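Peer 1: Structure provided below as structure tokens; questions to follow.
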Amino acid sequence: MTVDAWSWGSPIYINGMTGGSETAMRVNRTLAAAAAATGVPMASGSVGVALDDPGMAASFTVIREANPDGFVMANIGAGRPADAGRRAVELLGADALQLHLNAVQETVMPEGSRGFGDWLRGVEATAAECPVPVIVKEVGFGLSRRTLRRLHEIGVRVADVSGTGGTNFARIESARGDDAFAYLGDFGQSAASCLLDAPEPSPQLLASGGVRTPIDAVKALALGARAVGIAGPFLTSALEGDEDRMIAELRSWLDQIAMLLALLGAARPADLQRTDLLLRGRLREFAELRGVDAAAFSHRTDRIPSTDPEEH
Ligand SMILES: Cc1cc2nc3c(=O)[nH]c(=O)nc-3n(C[C@H](O)[C@H](O)[C@H](O)COP(=O)(O)O)c2cc1C
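Position one of the sequence shown corresponds to residue 990 (our numbering), numbered consecutively onward.
Here it is as structure tokens:
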């Protein structure tokens, strides 16, 4: 069983965001109502708190109540028992499970985990028990080529690379007062570099992390992402419970991405994978160091056969 993000009908999705226990209800209700109004798929924040404290369940079941027919993903962290994913999916009536890998975040959190050696087996066991497709994701530090290869080997079919450049939990933790890991603020890989360096074969790729404007989304689609996740930019409207603003924001993203597709002559997001891309600066340096042929991306349109007889 897999997810085909190209059949979503939306090039973007609302990525998983945990609110604190007082704000979770408002955040989830606002995001879910806006997702329902716009047809944008949505992930919950980590359902772990509701599995540990049944008193929190209503803050998550509100997602399905407010969005009965939309595509909903439940979210849970790696490192939990194998049945946690299934329980999270059942609580939300979810269509897919996001399983997050957050080793850097755990490292920088004073109360975080310090051992990740059993995560791969845990992901495999969670996926085996899960009644819906599993999407493995990072939380803003990126999934490396090696990780994507290992995920593919254990049968994970979809991964969200969630790279650097946007929400950064190393910086957030150091701002919370413990500067011990402030130097990790630049650690990780951007979504673009993860997409460039993905192995073949690989899980189907979704991208997120640092997507701040519609052109960022278009670039990620052009680099091979099937859909693009956005979290941080929606936090303010969600925390304020401002459903109308949230709907307006989502509509603006969808409208502008559609306009950019038209500008680039792409009938659908998948067509962007034939658009020429110039890789510059750090991304080009990364491509060179990883042996990725950056120049090949500059000439992708040369490989499209011309259908215009006048051109011959
Ligand atoms: C307030 C907040 C809470 C988050 N909570 C979760 C979470 O519970 N589970 C998860 O997988 N990712 C969580 N994330 C990470 C996002 O899903 C995403 O991977 C990351 O923020 C990068 O995207 P962005 O730059 O668009 O914010 C959270 C992000 C934010 C901003």
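Glycine is no exception: its CB is placed at the ideal position from the N, C-alpha and C atoms.
All of these numbers come straight from a predicted model, not from anything done at the bench.
Determine the DSSP secondary structure at Q1178, reduced to helix, strand or coil.
Peer 2: Counting from one through the sequence shown, the residue named residue 1178 turns up at place 189. Here Q1178 sits in coil by DSSP.
Peer 1: With hydrogens ignored, establish whether the beta-carbon of G1221 is closer than 6 Å to any heavy atom of ligand 1.
Peer 2: In the sequence shown, counting from the first residue as 1, residue 1221 sits at position 232. G1221: yes, Cβ under 6 Å from ligand 1.
Peer 1: Touch check for the segment 1111-1128 and the segment 996-1003: three-plus C-beta pairs under 8 Å?
Peer 2: With the cut-off at 8 Å, the segment 1111-1128 and the segment 996-1003 do not touch.
Peer 1: May I ask you to list the residues that DSSP assigns as paired with S1035?
Peer 2: Counting from one through the sequence shown, the residue named residue 1035 turns up at place 46. In the DSSP output, where bridge partners are listed per residue, S1035 has N1064.
Peer 1: With a Cβ-Cβ cutoff of 7 Å, do N1064 and S1035 count as a contact?
Peer 2: By 1-based counting over the sequence shown, the position of residue 1064 is 75. By 1-based counting over the sequence shown, the position of residue 1035 is 46. Yes. Within cutoff.
Peer 1: Using three-state DSSP, classify H1141 as helix, strand or coil.
Peer 2: Position 152 of the sequence shown holds residue 1141. Helix.
Peer 1: Among the candidates L1266, L1278, R1271 and L1249, whose CA atom is the shortest distance from the CA of D1291?
Peer 2: Walking along the sequence shown from the start, residue 1291 turns up at place 302. Residue L1266 is the option with its Cα nearest to D1291.
Peer 1: Kindly identify the DSSP beta-bridge partner or partners of I1219.
Peer 2: Translated into the one-based positions of the sequence shown, residue 1219 becomes position 230. According to DSSP, which records beta bridges pairwise, I1219 is partnered with I1003.
Peer 1: Do you know offhand how far P1203's Cα is from L1243's?
Peer 2: For the purposes of this step, residue 1203 is taken as the residue at position 214 of the sequence shown. For the purposes of this step, residue 1243 is taken as the residue at position 254 of the sequence shown. Approximately 8 Å between the Cα atoms of the pair.
Peer 1: If contacts are defined as beta-carbon pairs under 8 Å, then T991 and V1217 qualify, I think. What distance do you get, rounded to the angstrom?
Peer 2: Taking the sequence shown and counting its residues from 1, one reaches residue 991 at position 2. Taking the sequence shown and counting its residues from 1, one reaches residue 1217 at position 228. T991 to V1217, Cβ: 18 Å. No contact.
Peer 1: Sorry if obvious, but does the Cβ on S999 come closer than 6 Å to a heavy atom of ligand 1?
Peer 2: In the sequence shown, the residue the question calls residue 999 occupies position 10. Not under cutoff, so the answer is no.
Peer 1: Does T1115 pass the burial test, meaning 16 or more other C-beta atoms within 10 Å, or should it be called exposed?
Peer 2: Residue 1115 sits at position 126 when you count from the first residue of the sequence shown. Buried, since its Cβ has 16 or more Cβ neighbours within 10 Å.
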